[in-house]
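Residue numbers (full-length UniProt numbering): 1 to 37. Report on the structure given below.
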């Protein structure tokens with residue numbers, strides 16, 4: 001469900017690309033940006 005999806009950590013990946021992504025930070029109570037790549 002959507003609630004469990006929001007609990008996933010931000011995983012940066014292992015490729016050479018740099019793509020801005022967002023995740024829900026449960027401690028801050030808001031979405032935050034991270035670089036996926």
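A virtual CB, placed ideally from N, CA and C, is assigned to each residue, including glycine.
What number of angstroms, rounded off, separates the C-alpha of residue 7 from the C-alpha of residue 34? As a position in the chain shown, residue 7 is number 7, starting the count at 1. As a position in the chain shown, residue 34 is number 34, starting the count at 1. Taking the straight line from one Cα to the other gives about 15 Å.
If you draw a straight line from the alpha carbon of residue 21 to that of residue 36, how long is it in whole angstroms? Here residue 21 refers to the residue found at position 21 of the chain shown. Here residue 36 refers to the residue found at position 36 of the chain shown. Straight-line Cα distance between these residues: approximately 6 Å.
How far does the beta strand (DSSP E) with residue 20 in it reach, from first residue to last? Within the chain shown, residue 20 is the residue found at index 20, counting from 1. Counting along the chain, the beta strand (DSSP E) containing residue 20 begins and ends at 19–25.
Put residue 6 into one of helix, strand or coil per three-state DSSP. As a working note, residue 6 is residue 6 in the chain shown. Note: residue 6 maps to helix in three-state DSSP.
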